[in-house]
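A.B. asks:
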Amino acid sequence: MLKNYFITAFRSLKRFKLFTFLNLFGLSTGMACSILIMLWVQDEKSYDKFTPNASEIYRLTSNVSGSVAAVTPPPVVDALKQQIPAVKNITRVVLLSATVNVADKKFDEKSILYADANFLQFFGYQLVQGSGDVLSQPNNVVITAATASKYFGTDNAVGKILKVENGYNSDYVVSGVLKNLPHNSHLQFDMLLPISYYNISNGGDWGNFSAYSYVQLDKHFDATQSSLASIEKQIDIIHQKNDNTNTQSRFSLQTLSDIHLTSGLQLDVEGQGNIQNVKIFSVAAIFILIIACVNFMNLSTALGSTRAKEVSLRKTIGARRIDLIAQLMGESLLMALLALVIGVLLAWFLLPLFNELASKNISIDLLNIKLLSQLLAIAVIVGLISGSYPAIFMSSFNPVKALKGIKAPKGELSYLRSGLVIFQFAVSVVLIISTLVVNNQLDFIRKRDIGFNKQNLLYVQVPQVGYQKANYDALKQALYLNNDITDYTILDHLPTYLTTGTTDVIWSGKDPDMQTVFPHIGADAGFLKTFGMKLIAGRMFNANSIADDSTYLVNQTALKIMGMKPASAIGQKISTNGHQGTIIGVVQDFNFKPVQQAIEPLIIRRNNRAGFVVIRTSGNNYQQVIDRLKDVFHSLYPNYPYNYGFVDQDIANLYVAEQRTGMLFNIFSIMSIIISCLGLFGLATFAIQKRVKEIGVRRVLGASAQGIVTMLSADFVKLVGSSLLVAFPVAWWMMHQWLENYAYRVTISWWVFAIAGICALFIALVTVSYQSIKAAYANPVKSLRND
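Under the numbering used here, the letters of the sequence shown match residues 11 to 797, in that order.
1. What separation, rounded to the nearest whole angstrom, lies between the Cα atoms of A357 and D53?
2. Quick one: residues in its chain with C-beta nearer than 7 Å to the C-beta of M550, no 5 flanking neighbours on either side, listed in chain order?
3. Over what stretch of residues does the alpha helix (DSSP H) that includes P739 continue unbroken?
4. State the Cα-Cα distance for the pair D165 and A158, rounded to the nearest angstrom.
5. CB D494 to CB T627, shorter than 7 Å?
6. Report buried or exposed for I556, applying the criterion of at least 16 other Cβ atoms within 10 angstroms of its Cβ.
7. Do the CB positions of A845 and G393 come within less than 7 Å of each other?
8. Residues in its own chain within less than 6 Å of A302 by CB, not counting five upstream and five downstream?
9. Can you look up A829 in the DSSP assignment and give me helix, strand or coil?
10. Is it buried or exposed for K784, if we count other Cβ within 10 angstroms and need 16 for buried?
11. With 16 other CB atoms within 10 Å as the buried threshold, where does R102 fall?
12. Residues bridged to D181 by DSSP?
13. Would you list the residues sitting across from Y469 in a DSSP beta bridge?
14. My output table needs one value for P62: the three-state DSSP class, helix, strand or coil.
15. Under a three-way DSSP split, which group does E280 fall into?
16. For R260, which of helix, strand or coil comes out of DSSP?
17. Which one of D58, I290, E119, R260 has the shortest CA to CA distance from L202?
18. Assuming contact is defined by CB atoms lying nearer than 7 Å, are L123 and F199 in contact in what I supplied?
19. From L49 to I680, what does the alpha carbon distance come to, in whole angstroms?
20. On the DSSP bridge list, what partners appear for F117?
21. Given N365, which residues of its chain have a CB within under 7 Å of its CB, disregarding the five upstream and five downstream residues?
22. Just verifying my parser: in three-state terms, what is the DSSP assignment at S373?
23. Quick check on N663: buried or exposed, where buried means 16 or more other Cβ atoms within 10 Å of its Cβ?
24. Less than 7 Å between the C-beta atoms of V730 and A770, yes or no?
25. Alpha carbon to alpha carbon, how far is L266 from Q282? Give it in angstroms, no decimals.
26. Terminal residues of the continuous beta strand (DSSP E) containing A547?
27. Pick out the complete beta strand (DSSP E) segments inside the stretch 655-719, 3 residues or longer, and give them in chain order.
28. Classify D637 as buried or exposed, calling it buried when 16 or more other Cβ atoms lie within 10 Å of its own Cβ.
29. Compute the beta-carbon to beta-carbon distance between V472 and Y654, rounded to the nearest angstrom, for a pair I have assumed lies under 8 Å.
30. Contact defined as beta carbons within less than 8 Å: I believe I571 pairs with Q582. What is the distance between those atoms, to the nearest angstrom?
31. For R69, list the residues DSSP reports as bridge partners.
32. For S578, does the count of other Cβ atoms within 10 angstroms reach 16, so buried, or fall short, so exposed?
33. Going by the beta-carbon positions, is the gap between L90 and V81 smaller than 7 Å?
34. In angstroms with no decimal places, state the Cα-to-Cα distance between Y482 and N466.
35. Which one of T561, Q781, F454, K700 has the shortest CA to CA distance from T757?
36. To the nearest angstrom, report how far apart S369 and D278 are at their CA atoms.
Right, here's the structure in full:
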């Protein structure tokens with residue numbers, strides 16, 4: 011019996027080629043989009059779950075006066091293991107960038123970690139070379155397999171010597187080579203150094219928030235919300251007892267598997283995801299599948315009038331309704347399985363492009379039983395949902411009326427069909443509005459005045475070695491003599507990469523309980539002019555004044571926190587990290603963090619010897635400037651790599667994730683609209699088939715073709731209008747929630763809804779126009795002859 015159902019189903023699909031093609035196209039496209047989104051969501055949610063005992067591991071985070079950060083003082087976790095019985099194990103890492111010298115070759119490495127000796131065992135990382143406690147000795151270094159290949163080629167790296175210029179310029183012996191890290195680890199690094207070197211100068215400072223600290227709780231510990239809160243309170247007490255700076259800090263435990271998606275913390279590691287994006291795309295995948303199912307339903311019911319006599323004839327010769335439903339459901343399941351095969355092939359074909367757009371390395375492994383079962387489950391569910399409505403609809407035909415050619419009266423199923431189209435277009439309109447808002451926000455990010463001129467700013471990283479004053483003087487002279495360079499400045503950190511801050515800022519009248527974190531930057535007298543920043547009160551540093559070494563500039567946000575006005579702030583005394591000085595200028599606020607974060611208070615101190623030279627060029631002869639600087643750099647630092655970058659590109663890189671999200675959203679929105687149009691096409695076909703004789707009578711009585719087209723289109727315009735009433739409030743709420751992630755954002759304007767509505771109406775009219783015009787210009791004699 012089952013075999014007969016599928017044979018009949020296959021013949022039916024072959025008989026109605028156009029509808030079969032449209033159904034397959036809609037379902038397979040919807041499945042391909044949903045498969046890609048599903049793989050992306052699964053990848054985003056898989057971070058750190060490969061770690062042994064991941065459910066027992068937490069990262070310690072800190073909250074200082076409302077500033078929630080991913081870092082803590084290094085000595086905190088040592089005390090936890092000693093004083094809190096539930097803590098089974100601890101480990102710490104500290105980020106480092108340094109130049110690595112390997113056989114007189116210099117490598118600029120930005121992904122180095124100081125790590126505790128138990129770090130590898132704690133996270134379950136595997137060695138491919140070396141064994142034992144590879145971080146137990148102060149001069150040990152562990153590198154990844156990719157780094158070993160870069161440094162030593164195919165040679166065995168263990169035992170090789172390299173020098174890390176981390177302030178100690180020490181020789182390290184490679185004691186182990188790690189298997190390359192999984193891409194879905196929130197910690198990405200190329201090299202591990204023993205944390206004992208870092209502890210020499212920083213490790214015992216309870217006010218130094220610099221370490222990423224991890225704790226493993228005992229497996230028998232009942233990790234409820236209240237029990238975790240109890241441990242967090244104990245950590246607060248331990249810190250207060252040991253911190254001489256009286257920093258009012260609160261600590262929290264963050265589940266390891268939550269770090270990638272639910273972090274959003276200051277001073278966090280790069281590459282974190284966004285749980286909101288995961289939720290949005292998960293909903294989008296479900297909606298696209300539902301749209302595809304609704305599209306199938308409408309196309310199948312459009313075909314129902316054509317198949318009415320076939321179904322009724324089967325009833326007449328003895329087929330029960332349950333048999334007809336089973337047959338029609340079989341057709342639907344066969345269609346869904348065929349669509350799954352095409353959808354998987356389409357997803358596989360598009361996967362390289364998708365990976366490039368999403369910056370992923372996702373693959374489709376059909377030998378994976380879990381993935382295969384998920385795909386089959388999707389096909390079966392889609393087949394059952396898509397086939398249920400058409401099966402019930404067509405199996406309910408009255409055989410006598412159908413064989414006589416009498417059409418069924420309009421009823422509940424007709425209203426349901428219209429409701430499904432309204433739902434389809436409502437979802438499409440929501441996606442159109444969402445796409446417009448997302449693109450508008452991204453455009454706002456690109457064009458927003460960030461407080462300085464980011465164009466034509468080139469920077470070069472300068473090593474902290476040798477006779478620095480002589481090197482800086484020579485570098486300045488070369489910059490001065492280059493006609494393509496208009497201004498330059500020397501900084502200790504780039505404004506776009508400020509990862510340090512201090513709570514040790516004191517001013518007159520400060521509340522003793524206030525513990526605001528102040529990022530700070532060291533700059534010379536050319537800082538404001540080079541960046542094109544505005545000084546709203548006071549003056550800039552004087553290059554020829556030694557006294558200015560004890561002066562500060564602050565931004566407007568810092569003044570608000572200090573309770574000062576720009577004019578009255580000039581001459582006020584403040585102290586940072588124990589160094590007292592005078593405020594000599596107030597700088598207009600500028601963004602040095604992504605626009606998701608509000609502008610933070612900033613302190614600028616005088617510093618003539620630092621790690622970066624930022625150059626403003628005329629905008630011409632970029633390559634000549636870069637090449638000339640390279641020659642000067644290598645004459646001063648012959649053994650160091652020449653690294654340069656552009657400030658505007660660095661700022662653009664802050665929003666790469668948002669750009670990717672916007673691009674993917676655009677693509678999936680377009681696909682959902684195309685699928686929705688197929689559904690509308692199906693409904694138009696169905697509706698016009700039912701009104702063929704009515705149209706013929708109207709034509710005979712003198713109705714114009716234009717009038718017929720207008721009459722037929724009006725019904726669909728009403729459906730689209732109804733979908734707008736549903737879509738507008740839903741879209742406004744969704745986008746309002748999404749925009750809450752940004753400290754600086756656009757407002758959702760009325761024109762967004764107007765454009766979405768016009769687009770929806772235009773798409774609907776174009777979709778139904780073919781069938782409407784075809785029916786209007788058909789020969790009325792042919793339609794009336796069948797009565």
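Where is the CB? At the ideal position from N, CA and C, for every residue including glycine.
C.D. replies: Checking against the coordinates, here is how it stands:
1. Taking the sequence shown and counting its residues from 1, one reaches residue 357 at position 347. Taking the sequence shown and counting its residues from 1, one reaches residue 53 at position 43. Note on geometry: alpha-carbon atoms of A357 and D53 lie some 16 Å from one another.
2. Here the question's residue 550 lines up with position 540 in the sequence shown. Within the same chain, and ignoring the five residues on either side of M550 in sequence, the residues whose Cβ sits closer than 7 Å to its Cβ are A535, L538, G595.
3. The sequence position of residue 739 within the sequence shown is 729, counting from 1. That run of the alpha helix (DSSP H) goes 715-749.
4. Counting from 1 along the sequence shown, the entry for residue 165 is found at position 155. Counting from 1 along the sequence shown, the entry for residue 158 is found at position 148. C-alpha of D165 to C-alpha of A158: approximately 9 Å in a straight line.
5. Within the sequence shown, residue 494 is the residue found at index 484, counting from 1. Within the sequence shown, residue 627 is the residue found at index 617, counting from 1. Their beta carbons are under 7 Å apart, which means D494 touches T627 by this criterion.
6. If you number the sequence shown from 1, residue 556 lands on position 546. I556 should be labelled exposed.
7. Because the chain is modelled from 11 through 797, residue 845 falls outside the range shown and cannot be assessed.
8. By 1-based counting over the sequence shown, the position of residue 302 is 292. Residues G36, L37, G40, I685 of the same chain have their beta carbon placed closer than 6 Å to that of A302, with the five preceding and five following residues left out of the count.
9. Lying before the first or after the last residue shown, residue 829 is absent from the chain, which here runs from 11 to 797.
10. For the purposes of this step, residue 784 is identified with residue 774 of the sequence shown, where counting begins at 1. K784 is classed as exposed because its beta carbon has fewer than 16 other beta carbons within 10 Å across all chains shown.
11. The sequence position of residue 102 within the sequence shown is 92, counting from 1. When all chains shown are included, R102 counts as buried.
12. The sequence position of residue 181 within the sequence shown is 171, counting from 1. Looking at the DSSP assignment, D181 forms a beta bridge with K173.
13. On the sequence shown, position 459 is the one that residue 469 refers to. Bridge partners of Y469: V624, G655.
14. By one-based count along the sequence shown, residue 62 stands at place 52. Under the three-state reduction of DSSP output, P62 falls in the coil class, being neither helix nor strand.
15. For the purposes of this step, residue 280 is identified with residue 270 of the sequence shown, where counting begins at 1. The answer is coil: DSSP assigns E280 none of H, G, I, E or B.
16. Here residue 260 refers to the residue found at position 250 when the sequence shown is read from its first residue. In the structure shown, R260 sits in a strand (DSSP, three-state: E or B).
17. Within the sequence shown, the letter at position 192 stands for residue 202. The residue among D58, I290, E119, R260 with its C-alpha nearest the C-alpha of L202 is E119.
18. The sequence position of residue 123 within the sequence shown is 113, counting from 1. The sequence position of residue 199 within the sequence shown is 189, counting from 1. Less than 7 Å divides the Cβ of L123 from the Cβ of F199.
19. On the sequence shown, residue 49 is found 39 positions in, with the first residue counted as 1. On the sequence shown, residue 680 is found 670 positions in, with the first residue counted as 1. Across the structure, L49 and I680 are spaced so that their CA atoms are roughly 20 Å apart.
20. If you number the sequence shown from 1, residue 117 lands on position 107. Looking at the DSSP assignment, F117 forms a beta bridge with V110.
21. Residue 365 sits at position 355 when you count from the first residue of the sequence shown. The beta carbon of N365 sits closer than 7 Å to those of N371, I372, all from its chain and outside the five residues before and after it, given in chain order.
22. Counting from 1 along the sequence shown, the entry for residue 373 is found at position 363. Looking at S373 - three-state DSSP - the assignment turns out to be coil, as it is neither helix nor strand.
23. Translated into positions along the sequence shown, residue 663 becomes position 653. Result: exposed.
24. For the purposes of this step, residue 730 is taken as the residue at position 720 of the sequence shown. For the purposes of this step, residue 770 is taken as the residue at position 760 of the sequence shown. A770 is positioned such that its CB atom lies closer than 7 Å to that of V730.
25. Looking up residue 282 in the sequence shown gives position 272. Looking up residue 266 in the sequence shown gives position 256. Rounded to whole angstroms, Q282 to L266 spans 13 Å at the Cα level.
26. Numbered from its first residue, the sequence shown carries residue 547 at position 537. For A547, the enclosing beta strand (DSSP E) covers residues 545-548.
27. DSSP runs (the beta strand (DSSP E)) wholly in the stretch 655-719: none.
28. In the sequence shown, the residue the question calls residue 637 occupies position 627. Exposed.
29. As a first step, residue 472 must be located in the sequence shown, where it is residue number 462. As a first step, residue 654 must be located in the sequence shown, where it is residue number 644. Actually they are not in contact, since the Cβ atoms of V472 and Y654 sit about 11 Å apart, beyond 8 Å.
30. The residue you call residue 571 lines up with position 561 of the sequence shown. The residue you call residue 582 lines up with position 572 of the sequence shown. Between Q582 and I571 the Cβ distance is about 13 Å, and since that is not below 8 Å, they are no contact.
31. Within the sequence shown, residue 69 is the residue found at index 59, counting from 1. Assignment of beta-bridge partners to R69 by DSSP yields Y224, Q264.
32. Taking the sequence shown and counting its residues from 1, one reaches residue 578 at position 568. If you draw a 10 Å sphere on the C-beta of S578, you find fewer than 16 other C-beta atoms in it, and that means exposed.
33. Here residue 90 refers to the residue found at position 80 of the sequence shown. Here residue 81 refers to the residue found at position 71 of the sequence shown. V81 is positioned such that its CB atom lies no closer than 7 Å to that of L90.
34. Taking the sequence shown and counting its residues from 1, one reaches residue 482 at position 472. Taking the sequence shown and counting its residues from 1, one reaches residue 466 at position 456. Across the structure, Y482 and N466 are spaced so that their CA atoms are roughly 22 Å apart.
35. Sequence index remark: in the sequence shown, residue 757 carries index 747 (1-based). It is F454.
36. Mapped onto the sequence shown, residue 369 falls at position 359. Mapped onto the sequence shown, residue 278 falls at position 268. In this structure, the CA atom of S369 is about 20 Å from the CA atom of D278.
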